[in-house]
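Numbering (the numbering used here), first residue to last: 5 to 340.
Note sheet for the following structure.
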């Protein structure tokens with residue numbers, strides 16, 4: 005069974021350390037958490053100047069890392085020497101590491117943080133796994149982000165509703181480092197145990213609680229014509245804050261899920277949530293939309309979305325029609 009970041013941290017805190025660690029993947033927030041832990045807590049603070057080395061992959065050769073790893077701790081109170089390699093994806097030659105790991109120093113810990121991609125050197129990865137810990141964290145699917153936000157905010161000592169988490173996810177995507185950074189702005193002014201509300205999100209992150217693609221989806225799903233027009237007019241008046249290139253993929257994903265829901269043999273909340281790849285909390289939104297739109301209408305809507313996408317890219321558009329007007333026409337066609 006794959007090890008988790010929490011298990012790695014717990015083991016190190018208990019003194020169960022390995023001579024080498026490799027952290028890699030596209031979910032950078034978790035990699036940053038591990039990197040920060042190793043940098044701040046593995047070597048006692050008073051010994052870090054002597055027995056801790058932090059380097060960056062673009063600035064160092066593997067041979068230099070190994071030379072440091074072969075040295076013994078300087079301070080009498082240090083049990084280990086730590087070499088933390090950030091941005092390890094920039095290291096050019098990994099081959100010397102496999103040789104070192106045939107007999108690694110028991111007095112050194114080498115931790116590699118390899119961001120944004122998979123580790124592709126199978127031989128070296130096998131050598132690391134045999135002597136230490138290999139940890140991969142894949143980027144979250146879009147459908148997993150709201151739950152991650154809820155869990156992350158809870159870990160920090162705050163609360164948030166599923167709907168508010170969905171608004172953040174829709175606006176910021178699945179880059180958890182970016183999300184965590186934006187949420188840090190919220191936590192500064194919020195007392196522990198406080199709720200991250202839509203108003204707080206708008207004030208601190210700049211995501212409008214009333215004018216966002218999540219609210220537009222909700223309004224379309226309920227065929228709320230007045231609300232749809234109010235939102236789309238706001239989008240058209242503020243195109244830089246609400247680019248059509250970000251809105252259309254979200255609407256396409258939303259209506260595809262409505263089509264899938266319409267054809268599910270088992271429409272129970274849990275079964276539908278699994279089939280759609282969404283939190284069970286949101287199944288009722290797709291259930292409502294499915295009542296308002298027939299399957300033939302849904303097929304037409306997918307066509308409208310593709311047509312709007314082409315127009316926004318200049319196809320069948322002489323340049324006189326703005327993206328705001330394209331969006332208004334799209335919403336009118338969907339509703340009527």
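Glycine included, each C-beta is placed from N, C-alpha and C at the ideal position.
None of these values were measured; they are calculated from a predicted model.
Grab the span of the beta strand (DSSP E) containing residue 56 for me, first residue to last. 56-60
Leaving out five residues before and five after residue 98 in sequence, what residues of the same chain have Cβ atoms less than 7 Å from its Cβ? 66, 125, 128
With a cut-off of 8 Å, do at least 3 Cβ pairs link the region 217-228 to the region 250-257? yes
State the DSSP-derived secondary structure class of residue 199, mapped to helix, strand or coil. strand
Quick check: is the beta carbon of residue 114 nearer than 9 Å to any beta carbon in chain C? Note that chain C does not occur in the displayed structure, where there is just one protein chain.
Kindly indicate the opening and closing residues of the beta strand (DSSP E) around residue 25. 24-29
Which residue's Cα is closest to the Cα of residue 107: 46, 184, 85, 73? 73
On a Cα-Cα basis, can you pick out the residue from 288, 38, 187, 310 that is closest to residue 157? 187
Give the range of the beta strand (DSSP E) segment to which residue 111 is assigned. Segment: none, residue 111 is in no beta strand (DSSP E) and carries neither H nor E.
My parser needs the beta strand (DSSP E) runs of 3 or more residues fully inside the region 78-128; what are they? 85-90, 112-119
Residue 180, buried or exposed, once every other Cβ within 10 Å from all chains shown has been counted against 16: buried
Ordered along the chain, which non-local residues of its own chain (more than five positions away) have a Cβ less than 7 Å from that of residue 28? Closer than 7 Å at Cβ, skipping near neighbours: 118, 122, 123, 140.
Where does residue 18 fall in DSSP's three states? Residue 18 carries a coil assignment under DSSP once its states are collapsed to helix, strand and coil.
Counting along the chain, where does the alpha helix (DSSP H) carrying residue 190 start and finish? 180-192
Can you have a look at residue 53 and say buried or exposed, based on whether 16 or more other CB atoms are within 10 angstroms of its CB? Residue 53 sits exposed, since fewer than 16 C-beta atoms from the chains shown fall within 10 Å of its C-beta.
List in chain order: all unbroken alpha helix (DSSP H) runs of 4+ residues lying wholly within the region 241-288. 248-266, 273-280
Among the candidates 312, 24, 308, whose CA atom is the shortest distance from the CA of residue 133? 24
CA-CA distance, residue 165 and residue 283? 12 Å
Kindly indicate which three-state DSSP category residue 140 falls into: helix, strand or coil? strand
Would you kindly work out how many angstroms separate the C-alpha atoms of residue 255 and residue 281, rounded to a whole number? 16 Å
Would you call residue 185 buried or exposed, if buried means 16 or more other Cβ atoms sit within 10 Å of its Cβ? exposed
Per-residue DSSP class, three states only, for residue 8: coil
For my contact list, residue 342 and residue 51 are in at a C-beta cut-off of 8 Å; report their separation, rounded to the angstrom. Residue 342 cannot be examined here, being either before or after the span of the chain that is shown, 5 to 340.
For the structure I just gave you, are there three or more beta carbon pairs, one from the region 333-340 and one from the region 231-242, closer than 8 Å? By the criterion of at least three beta-carbon pairs nearer than 8 Å, the region 333-340 is in contact with the region 231-242.
Using only the alpha-carbon positions, how far apart do residue 247 and residue 75 sit? 55 Å
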